[in-house]
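Trainee:
Number of protein chains: 2
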Amino acid sequence: MPSSTLANPRTIKVGFLGFGTVGEGTHRMLSDNVDEIFRKTGAKINITSIGIKDASKARCLPSELFTTDLKSIVTDPKIDVVLELIGGEELAGEMVDLALDHGKHVVTANKELIAKQGSRLISKARKKNLDLHFEAAVGGGIPVVQALKHQLAGNDVIKLMGILNGTTNYILTRMEAEGANFADVLADAQKLGYAEADSTNDVDGFDTMYKIAILAAITFGKQVDLSDIHREGIRSIGTEDMHYAEVFGYRIKLLGICEEIEPDTLMVRVHPTMIPRTHQLAHVDDVFNAVWLKGDFVGDLMFSGRGAGGDPTASAVVGDLIDVCRNIVNEGDGSAIPYGEGMKSLPISELETRYYLRLEVQDCPGTLGQISTTLGRRKVGLTAMEMKSKVGGLGEIAFLTHVCREEDFVAAIEEVGNLDCVTKIESWMRVEQS
Amino acid sequence: MPSSTLANPRTIKVGFLGFGTVGEGTHRMLSDNVDEIFRKTGAKINITSIGIKDASKARCLPSELFTTDLKSIVTDPKIDVVLELIGGEELAGEMVDLALDHGKHVVTANKELIAKQGSRLISKARKKNLDLHFEAAVGGGIPVVQALKHQLAGNDVIKLMGILNGTTNYILTRMEAEGANFADVLADAQKLGYAEADSTNDVDGFDTMYKIAILAAITFGKQVDLSDIHREGIRSIGTEDMHYAEVFGYRIKLLGICEEIEPDTLMVRVHPTMIPRTHQLAHVDDVFNAVWLKGDFVGDLMFSGRGAGGDPTASAVVGDLIDVCRNIVNEGDGSAIPYGEGMKSLPISELETRYYLRLEVQDCPGTLGQISTTLGRRKVGLTAMEMKSKVGGLGEIAFLTHVCREEDFVAAIEEVGNLDCVTKIESWMRVEQS
């Protein structure tokens, strides 16, 4: 029989680490939905303490709830569940370790920590029959992590692609809509609060890398070494590239992509990608995130929603907490699903895909012939071409290629760059077909 | 400690009821993924018997697995889990009841049964600490049922809309793309196997009604009486309506919609709807299904994927079965989440929304003035108008209205129909703004 009944509800004591926008949103969501959560879990949630860095900040909750002594929370014998909402690897990792050592279930929103130490931490939780949930670490409120762990668990996932960073998707959407360049949109996004002053984590693809690493680990069952993941950001995308993407029927998105090449060998990568306008991911705009996947049984599936922000992330944290509560009330054994380490991710040079290439050339007869012959010698065939004249006898050519191997493509464009008729390799980009 | 270890895996015995495309797909998925399922659950699945109607059909599995005596399966003391894949209400309901009576966990793909008897069956399962899962009943392989029950459980859902029937979405997509009329596309869809010979269940919205009823029950916690749900199908949509939808910037989809009007009072409805091209649901085409919702914390969220077919549905059945196995291995108490009955759904006359209206009129000065004055008297304001001349002094006018009350709109168009300058009310449709 469930240990909790209407007459005698189980009280579950929760400690917060961190009280920024996610912590504040989580607190508000728990307070707003006490009855609903009780109906779904049979438990009353009691927030006993909130660990913070700066005790001097004004907060609209009783001051005795707050402490700067985080260790006192993760070691408190009365606390059942710790919500880790600090972010970053070091302090957060130390606290999660201590919390597990002291027999606490953990819910975390920390993508960096799970991407780097998930395998070890989840195994530790499993050995102690504790829950360690991290839905909020990927895609904000989008419930993709649990779906991969549970509902889709019977599928072999063939490929998974995600728009996993709201800031870069917002910037790309505006660049396309306004014909504006990257630097201007970034500056404006920073002014509006859509991008942080230090934009490296978002714009250079680190945030996306952490998230695709987590999705790869839970999908394929082993953690990938982050240093094996090819990572490019969106700084070098020009307005001309946006133009040619449209001409060719594509849109440019920063994607995290993983696919299984052979058992225990993935290709995991983060880079700007041209995807066809007919693909569902092409319609995910502004700050929205999405995860698309193809499973052997489920077929094509997509989740989309708000990938960041206090309230959507709180939704995921509370969803995880509800699962922990249900597990405590039902006296289950903890539902952490361990995964190992040492998943191999192939170098990007072994990728086989289509490419977009933009060149500045001498605008004269024979140029196209020389370029296509040079590419062809490296087994790079062309499927589409657009050319326009520029001032001073120069021209611009954009191509789409057939599927070829990245190392062939890279070698080919080096040779193309040495042709007399080619004055500059302006840019190139990987293209997804479906 | 988990009762199952690598050295001593727990074997879970499963009986099938039904072996059509979903049953066959489920069997194949379980066979293909034995190791993966063991890794995720700690259990080995053993299919002990398969209940079928027609023993004479050739099947590529040992004949001793099959029986036409379904009762022998649901009462077999050795069986742990019953997969109900028969469909329909009567026989399936009887078998699920018996299975629960005999202490078996149940996974079902049966939308009609859950829509009609879900509250009673889930409560029964809960009282016996058994699981009763039904992810496959809504949206095929799209994991929306579990997401609503678990990850999104802390949200107040403000509105939920779904493209829940693949056949009608396929027909509407083709009508729009080809400018073809309903009857021709239906006939072709039947020839191609996308629509059944008896298309009533799909085309007249029954299938969508069952599914939106289930989504409403798990989202808002109480079952709605199906007779309270307003239901319209897609038979009356004309090629002209498709044309004006495009002119006004909309697409026509058959939606199941539920929203909370006040606590314990919903508006649940099924009808063709114009939705803006900027809405994510507008890009869900062909046989794809999608569920979109707005939660108070998570914001806008959408799931899309294959809503029918043997393999996608099998994906959901196996996902549920994996959860049951994990629960058995972890010695949990069953995770059925009961909901009550008696949720009120308001009559469609109380709906407040925007409308599309198409009229055949006398093509002469003053016509528009008379119509808009008549509508205005009933508090129906206009936001867009398109008119074209037809032969014989006739014309066609299409309008979009401001938000108004359905009973006002219906009364208004009755009066409009009585005007001398209006020769025919061709069609009208509800319009969603966001």
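Going down the list, the sequences are from chains E and Y. Positions in the first sequence are counted from 1; adding 11 to them yields this note's numbering. Positions in the second sequence are counted from 1; adding 11 to them yields this note's numbering. Glycine included, C-beta positions come from ideal geometry on N, C-alpha and C.
#1: Please list the partners that Glu257 of chain Y has in chain E, where partner means a Cβ-to-Cβ separation under 7 Å.
#2: State the start and end residues of the unbroken beta strand (DSSP E) segment that holds Ala54 of chain Y.
#3: Would you please state the rounded distance, in angstroms, between the beta carbons of Gly173 of chain E and Val372 of chain E? I believe it to be under 8 Å.
#4: Closer than 7 Å between beta carbons: that is the criterion. Which residues of the segment 123–155 of chain Y meet it against chain E?
#5: Alpha carbon to alpha carbon, how far is Pro13 of chain E from Asp334 of chain E?
#6: Can a CB atom of chain Y be found closer than 7 Å to the CB of Lys305 of chain E?
#7: Out of Y:Met398, Y:Met440, Y:Gly377, state which residue places its alpha-carbon closest to the alpha-carbon of Cys432 of chain Y.
#8: Just to confirm, are Gly310 of chain E and Pro358 of chain Y a CB contact at a threshold of 7 Å?
#9: So, does the CB of Gln444 of chain Y fall closer than 7 Å to a CB anywhere in chain E?
#10: What is the C-beta distance between Gln162 of chain E and Gly330 of chain Y, in whole angstroms, given that I count them as a contact (C-beta under 8 Å)?
#11: In chain Y, which residues lie with their C-beta within 9 Å of the C-beta of Gly36 of chain E?
#12: What's the call for Lys89 of chain E, buried or exposed, on a 16-neighbour Cβ count within 10 Å?
#13: For the beta strand (DSSP E) holding Gly306 of chain E, just list the boundary residues, first then last.
#14: Does the beta-carbon distance from Met278 of chain E to Glu187 of chain E come in below 7 Å?
#15: Examine chain E for any beta-carbon lying closer than 7 Å to the beta-carbon of Ile359 of chain Y, and answer yes or no.
#16: From the DSSP output, in three-state form, read off Arg416 of chain Y for me.
#17: Would you say Gly204 of chain E reaches chain Y, if we count a Cβ-Cβ gap shorter than 7 Å as a contact?
#18: Determine the burial state of Gln234 of chain Y: buried for a count of at least 16 other Cβ atoms within 10 Å of its Cβ, exposed for fewer.
#19: Residue range of the beta strand (DSSP E) that Gly316 of chain E falls in?
#20: So, for Thr22 of chain Y: in the same chain, excluding its five sequence neighbours on each side, which residues have a beta-carbon less than 6 Å away from its beta-carbon?
#21: How should Arg388 of chain E be labelled, buried or exposed, when 16 other C-beta atoms within 10 angstroms of its C-beta is the threshold for buried?
#22: Can you give me the start and stop residues for the alpha helix (DSSP H) that Glu243 of chain E sits inside?
#23: For chain Y, find out if any of its Cβ atoms is closer than 7 Å to the Cβ of Gly177 of chain E; answer yes or no.
#24: Could you please give the first and the last residue of the uninterrupted alpha helix (DSSP H) stretch that includes Leu451 of chain E?
#25: Cβ closer than 9 Å: which chain E residues qualify as neighbours of Ala120 of chain Y?
#26: By the three-class DSSP mapping on this structure, what secondary structure does Lys390 of chain E have?
#27: For Gly404 of chain Y, which residues from the same chain have a beta carbon less than 7 Å from its beta carbon, with the 5 sequence-adjacent residues on both sides left out?
#28: Can you give the Cα-Cα distance for Lys355 of chain Y and Ile169 of chain Y, rounded to whole angstroms?
#29: Considering only C-alpha positions, which residue in the set Y:Asn140, Y:Ile223, Y:Glu342, Y:Ala198 is nearest to Leu266 of chain Y?
#30: Let me check one thing: in DSSP terms, what residues is Pro349 of chain Y bridge-paired to?
#31: Starting from the N-terminal side, write out each stretch of the beta strand (DSSP E) that is 3 residues or longer and does not extend beyond the segment 59–104 of chain E.
#32: Indicate whether at least one CB of chain Y lies closer than 7 Å to the CB of Met313 of chain E.
#33: Determine the extent of the alpha helix (DSSP H) in which Cys336 of chain E is found, giving its start and end residues.
#34: Rounded to the nearest angstrom, what separates Ser74 of chain E and Gly343 of chain E at their Cα positions?
#35: Whose Cβ in chain Y lies nearer than 7 Å to the Cβ of Gln157 of chain E?
#36: CA-CA distance, Asp213 of chain Y and Thr179 of chain Y?
Mentor: According to the structure shown:
#1: Working through the second sequence from its first residue, we reach residue 257 of chain Y at position 246. The premise fails here: Glu257 of chain Y is roughly 17 Å from chain E at the closest Cβ pair, so nothing lies under 7 Å.
#2: Here residue 54 of chain Y corresponds to residue number 43 of the second sequence, with the count starting at 1. Residues 54–62.
#3: In the first sequence, the residue the question calls residue 173 of chain E occupies position 162. In the first sequence, the residue the question calls residue 372 of chain E occupies position 361. Not really, about 36 Å apart at Cβ, beyond 8 Å.
#4: Glu146, Gly152, Ile153, Pro154
#5: By one-based count along the first sequence, residue 13 of chain E stands at place 2. By one-based count along the first sequence, residue 334 of chain E stands at place 323. With a pLDDT of only 46 at Pro13 of chain E, under 50, the local geometry of the prediction cannot be trusted, and the value read off the model is given with reservation. Taking the straight line from one Cα to the other gives about 15 Å.
#6: Position 294 of the first sequence, counting from 1, holds the residue named residue 305 of chain E. False, the Cβ-Cβ gap to chain Y never drops below 7 Å.
#7: For the purposes of this step, residue 432 of chain Y is taken as residue 421 along the second sequence, with counting starting at 1. Answer by Cα proximity: Y:Gly377.
#8: Counting from one through the first sequence, the residue named residue 310 of chain E turns up at place 299. Counting from one through the second sequence, the residue named residue 358 of chain Y turns up at place 347. Not in contact: Gly310 of chain E and Pro358 of chain Y (Cβ atoms no closer than 7 Å).
#9: The residue you call residue 444 of chain Y lines up with position 433 of the second sequence. Not closer than 7 Å to any Cβ of chain E, the Cβ of Gln444 of chain Y fails to qualify, so no.
#10: Position 151 of the first sequence, counted from the first residue, corresponds to residue 162 of chain E. Position 319 of the second sequence, counted from the first residue, corresponds to residue 330 of chain Y. With 8 Å as the limit, Gln162 of chain E and Gly330 of chain Y qualify as a contact, their Cβ atoms being about 4 Å apart.
#11: Position 25 of the first sequence, counting from 1, holds the residue named residue 36 of chain E. The answer, in chain order, is Phe308.
#12: Translated into the one-based positions of the first sequence, residue 89 of chain E becomes position 78. Lys89 of chain E should be labelled exposed.
#13: Reading the first sequence from its first residue, position 295 is the one you call residue 306 of chain E. Note, Gly306 of chain E: beta strand (DSSP E), 299–306.
#14: Working through the first sequence from its first residue, we reach residue 278 of chain E at position 267. Working through the first sequence from its first residue, we reach residue 187 of chain E at position 176. No, these two residues do not count as a Cβ contact at 7 Å.
#15: Residue 359 of chain Y sits at position 348 when you count from the first residue of the second sequence. Answer no: the Cβ-Cβ gap between Ile359 of chain Y and chain E never drops below 7 Å.
#16: Locating residue 416 of chain Y in the second sequence gives position 405, where the first residue counts as 1. Residue state, collapsed to three classes: strand.
#17: For the purposes of this step, residue 204 of chain E is taken as residue 193 along the first sequence, with counting starting at 1. For Gly204 of chain E, the answer is no, since every Cβ of chain Y falls outside 7 Å of its Cβ.
#18: Taking the first residue of the second sequence as position 1, residue 234 of chain Y is located at position 223. So Gln234 of chain Y counts as buried.
#19: Taking the first sequence and counting its residues from 1, one reaches residue 316 of chain E at position 305. Here the beta strand (DSSP E) through Gly316 of chain E covers 310–317.
#20: One-based indexing of the second sequence puts residue 22 of chain Y at position 11. If we look at Thr22 of chain Y and ignore the five residues flanking it on each side, its Cβ neighbours are Lys55, Asn57.
#21: By one-based count along the first sequence, residue 388 of chain E stands at place 377. Exposed, by the Cβ-count rule.
#22: Counted from its first residue, the first sequence places residue 243 of chain E at position 232. Element bounds for Glu243 of chain E: n/a, residue is neither H nor E.
#23: In the first sequence, the residue the question calls residue 177 of chain E occupies position 166. So no, Gly177 of chain E is outside the interface.
#24: The first residue shown for chain E is 12 and the last is 445, placing residue 451 of chain E beyond what the model contains.
#25: By 1-based counting over the second sequence, the position of residue 120 of chain Y is 109. Those do not exist, as Ala120 of chain Y stays about 13 Å from chain E at its closest Cβ, beyond 9 Å.
#26: Numbered from 1 along the first sequence, position 379 holds the residue referred to as residue 390 of chain E. Residue state, collapsed to three classes: coil.
#27: Here residue 404 of chain Y is taken as the residue at index 393 of the second sequence, counted from 1. If we look at Gly404 of chain Y and ignore the five residues flanking it on each side, its Cβ neighbours are Gln373, Asp374.
#28: Your numbering for residue 355 of chain Y matches position 344 in the second sequence. Your numbering for residue 169 of chain Y matches position 158 in the second sequence. The alpha-carbon atoms of Lys355 of chain Y and Ile169 of chain Y are separated by roughly 16 Å.
#29: In the second sequence, the residue the question calls residue 266 of chain Y occupies position 255. Answer by Cα proximity: Y:Ile223.
#30: On the second sequence, residue 349 of chain Y is found 338 positions in, with the first residue counted as 1. DSSP output for Pro349 of chain Y lists no bridge partner at all.
#31: 92–95
#32: Residue 313 of chain E sits at position 302 when you count from the first residue of the first sequence. So yes, Met313 of chain E belongs to the interface.
#33: As a position in the first sequence, residue 336 of chain E is number 325, starting the count at 1. Start and end: 321–340.
#34: Numbered from 1 along the first sequence, position 63 holds the residue referred to as residue 74 of chain E. Numbered from 1 along the first sequence, position 332 holds the residue referred to as residue 343 of chain E. Each residue's alpha carbon lies about 35 Å from the other.
#35: Residue mapping note: residue 157 of chain E aligns to position 146 of the first sequence, counting from 1. Within chain Y, the residues near Gln157 of chain E are His161, Gln162.
#36: By 1-based counting over the second sequence, the position of residue 213 of chain Y is 202. By 1-based counting over the second sequence, the position of residue 179 of chain Y is 168. Cα to Cα, Asp213 of chain Y sits roughly 7 Å from Thr179 of chain Y.
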